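Right, one structure below, let's go through it.
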Amino acid sequence: MGGGKTYNLRECLLRERCLEKNNDTLIGDKPLHKIQIHNRLVSLLTTGHFVGPSSSAIAHFTGPPYHQFSTSQDPKDLTIMITLTLLHYHHTPVHLINTHNREICVIEALATVDISGSGMNQKARRRSPRLEDVPELMHGIQSRLSLREAACTSVLSKSWLHAWSTIPNLRFHIQDKMKLVDMERTLIRYFDNNIPFQRFELDIDIKNQEAASLTEKWIRSVATKTCLKELSLTICPSGASLDLPAEILSGKNLTKIRVSAANSAVRMTTNRHPECVSLRELHLSRVRISEELLHAIFSSCSLLKKIELIVCSKDLKTIKVKNLPCLSHLQIVTSDRGSTAFEISHVQNLRFFGCNVRIMNRVHKRRGPLINSHSISLGSSVTDLTLGGGMIRDNDSLDMINKLGLPFLKSLTLDMACWALGSFHFTSTSINRFSMLGCSSKLLDMVHVTAPKLLFFSLTGKIIPSLLFPYSNLEQIEFRMGLHMDELDASFFLKMREAFMLSRKCKVIITTFNYNVPLPLEINIDDLRTRLLFPPAINVQQVLFKTIGDECTWERSQFFDAFFEICHPDHISIWPDSMLKHNNHFCKFMLREVLERNKNKPATTSYWPSYLKNVQIKQPHNREWETLTDSHTSFLEGLTPEFRLTWC
């Protein structure tokens, strides 16, 4: 089955009104008649995932009250379509078929169906449950739409208006005083009418102390509600400081606390013992918290499964995470030159551990190791490990990883920003994914990894060292490069070409920077060809080019001459310059180089466009591939086209 057309919310609302006089369910202009009965709507609204039978299980029915909606789009798009389809056909059961990822997954919207296929009489239809009869489903749909889209549903019927006015998930994005008044009005209505809510999300810019005091007041009122299960605060105090009320830790039914601040002007303080004994997730980002309070939370909330502390160590000398048997995810990021020590133990069910000691001062980056100040015992269940900054500096740091004793470790990510040696040697008998971030120092010239089970390798940075992976059968290599054009030379392309030989598939993401006056790129292409020992790689499946403040990259054909000398990629995606949004020159470049065959080049010179059989382009709003022609020049500005190249 093919995927159906996607309509945005406005189009769907107009379409719904046009269909009011028609009894058929339509996609395009074709009536739908294939139906599969499967009670999956509740699962969809609860999890957002699609699990259904195979296409061979599809039953065939004709005529109302059976309807089908088919889409190959992502879950969010499907949810919007489900909403508007159900709004129109609220008197009969509606069935929806999703063909996402070529799997036909079917959801029954409402449950009364005659599986014999003979249809239902009018009396039975009148007894059929309607979507309006199940407000929980309406709340579930609204919760999975964006705030604006969810608000739009309130104009469709009284039932939807009532659902919107009693939605248990409150979301507020406040940038000015008027919206703060709107939030007050909504909360007063909820409190006065005793309307329960389970989730409270607030994203607010605080520009003065008056707004800070008002925000503290309403957070205190919300936090005292016993019905509250999830509290999420994103605070940008640009003109004031804010103290989170002590009541934030008093909710006995609270399962999730998430507080993110734009700076350290948000403090979490309390003189009472935390009572949030049901807490499962704690995320604090740039929030000042005392060592005593943090450890009191950990000791009181033994059911914690996920902890994330992002740059919260300004007032902490030691972070102790102990005796949390349910903890499966722990991430700690500090930016204090390593002055905060870590004590981690008795976390036997930990699966993910991430620790990054950010050191901003270059003088301190490569001074002695910080690992000796930490006492870390992660247990034997960890499968995903991420370390960086001051934690990864030299061979002693790598020895620490081995001493942790992680027999089931599968994924390892290392931030190399503070690496102080010219070579990197690491051995693991268990990992199958390895990622290196922040590879920017030219001092690092060789990476040697002995990992017989390794299948995936990713490198992010400015340089490509020589790569050695003996005993590994890599399935994919991924490069994410941030390049200054004036620093490139032939050796960069030579090392990348050698790296392509290490894996069956390759992916390349290149971002170029040039904030100054554009400089000419000088690469001797003839010398590069002479030094290349292998023909262009054909295992590069995907390439993404991005620019930042570098309008003239696409005019420098030498960069692409060199790149296409080392590989012939199948698929290229282009993003407009992030600073010059209106510019996207790659299509012009392809038109000039490919269609005109670069007439200025000597005919005797072997040149990459001569190896191209065909170039196709796909625009964001048109999912069909088209052969590249001069007519596509007018579609450049601000778009993100994709190219498919067929090589000789």
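Each residue of the sequence shown is one higher than the last, beginning at 611 in the numbering used here. Here a beta-carbon is modelled for each residue, glycine too, at the ideal position from N, C-alpha and C. Quick caveat: nothing in here was measured; it's all calculated off a predicted structure.
Q752, buried or exposed, once every other Cβ within 10 Å from all chains shown has been counted against 16: Counting the other Cβ atoms within 10 Å of the Cβ of Q752 gives 16 or more, which makes it buried.
C-alpha gap between H698 and L960, whole angstroms: Annotation note: pLDDT 44 at H698 (below 50); position unreliable, no value reported.
For W1257, the first and last residue of its enclosing beta strand (DSSP E): Per DSSP, W1257 is one residue of the beta strand (DSSP E) stretching across E1252 to W1257.
Rounded straight-line distance, which links the Cα of S842 to that of E811: Taking the CA atoms as reference points, E811 sits about 5 Å from S842.
Segment limits, alpha helix (DSSP H) that includes K1323: For the chain, the structure presents residues 611 to 1258; residue 1323 sits outside this window and is missing.
Sub-8 Å separation of A773 and N818 beta-carbons: When the beta-carbon positions are compared, A773 and N818 stay at least 8 Å from each other.
Proximity to K1063 [Cα-Cα], best of L1054, A1109, L1019 and M1091: Of the candidates L1054, A1109, L1019 and M1091, the one whose C-alpha sits nearest the C-alpha of K1063 is L1019.
Alpha carbon of S1076 to alpha carbon of G1015, nearest angstrom: Note on geometry: alpha-carbon atoms of S1076 and G1015 lie some 29 Å from one another.
Bridge-paired residues (DSSP) for S870: Answer is T844 and S895, bridged to S870.
Distance, D994 Cα to P1017 Cα: When rounded, the distance between both Cα atoms is 11 Å.
With 16 other Cβ atoms within 10 Å as the buried cut-off, status of D1187: So D1187 ends up on the buried side.
Option nearest H1178 by Cα separation, candidates G1159, T844 and Y1217: Each of G1159, T844 and Y1217 was checked against the Cα of H1178, and the nearest Cα belongs to Y1217.
Start-end ranges of the alpha helix (DSSP H) lying completely within the region 792-846, minimum 4 residues: Every alpha helix (DSSP H) stretch that sits fully inside the region 792-846 and reaches 4 residues is listed by chain position as 819-833.
Residue environment, D1099, which counts as buried when at least 16 other CB atoms sit within 10 Å: By the 10 Å Cβ count, D1099 comes out exposed.
Integer Cβ distance of H984 from F952, believed to fall under 8 Å: So it is a contact: roughly 4 Å between Cβ atoms.
Cβ neighbours of K916 in the same chain (closer than 6 Å, five flanking residues each side left out): Closer than 6 Å at the Cβ level, and outside the excluded window around K916, lie E891 and H939.
Separation of F1067 from F1044, as counted between CA atoms: For F1044 and F1067, the distance between alpha carbons rounds to 5 Å.
Bridge-paired residues (DSSP) for E1236: Answer is I1227.
C-beta contact flag for L914 and L889 at 8 Å: A contact, by the Cβ cut-off of 8 Å.
Among R1003, Q1152, K1156 and S1220, nearest to R1254 - alpha-carbon criterion: The candidate whose alpha carbon is nearest that of R1254 is Q1152.
Beta-carbon proximity check, L1065 vs N1042, cutoff 8 Å: With a cutoff of 8 Å on beta-carbon distance, L1065 and N1042 are scored as near each other.
Those residues which DSSP pairs with L1077 across a bridge: According to DSSP, L1077 bridges with V1057.
Contacting residues, own chain, Cβ-Cβ under 6 Å from I854 (five flanking each side not counted): A small fix is needed here, since residue 854 is Leu in this sequence, not Ile. The beta carbon of L854 lies closer than 6 Å to those of M878 in the same chain, with the five residues before and after it left out.
Residue range of the alpha helix (DSSP H) that includes I751: For I751, the enclosing alpha helix (DSSP H) covers residues P745 to R754.
K862, buried or exposed, once every other Cβ within 10 Å from all chains shown has been counted against 16: Label assigned to K862: exposed.
Extent of the continuous beta strand (DSSP E) to which N1134 belongs: No beta strand (DSSP E) holds N1134; DSSP gives it neither H nor E.
Within 8 Å, strictly: CB atoms of F1169 and L1138: Result no, Cβ atoms of F1169 and L1138 do not sit closer than 8 Å.
Residue range of the alpha helix (DSSP H) that includes R758: Secondary structure note for R758: its alpha helix (DSSP H) is the uninterrupted segment L757 to C762.
DSSP three-state assignment for E918, whether helix, strand or coil: In this structure, DSSP gives E918 an extended state, which the three-state scheme calls strand.
Of the listed residues I777, S910, P847 and F963, nearest to E918 (C-alpha basis): For E918, the nearest C-alpha among the options comes from F963.
Residue range of the beta strand (DSSP E) that includes F908: Element bounds for F908: not the beta strand (DSSP E) but the alpha helix (DSSP H), E901 to S910.
Distance CB(K924)-CB(S874) smaller than 8 Å: Closer than 8 Å, so yes.
Within 8 Å, strictly: CB atoms of S1050 and G1071: Yes, they are a contact pair.
Nearest-angstrom Cα separation, counted from R1141 out to D1240: In this structure, the straight-line span from the alpha carbon of D1240 to that of R1141 is close to 36 Å.
Cut-off 6 Å between Cβ atoms - residues of its own chain near K1156, not counting five sequence neighbours on either side: Result list for K1156: T1121 and W1185, in chain order.
Proximity to K926 [Cα-Cα], best of I907, Q941, E902 and C911: Note on identity: in this sequence residue 926 is Leu, with Lys being the wrong assignment. Considering only alpha carbons, the answer is E902.
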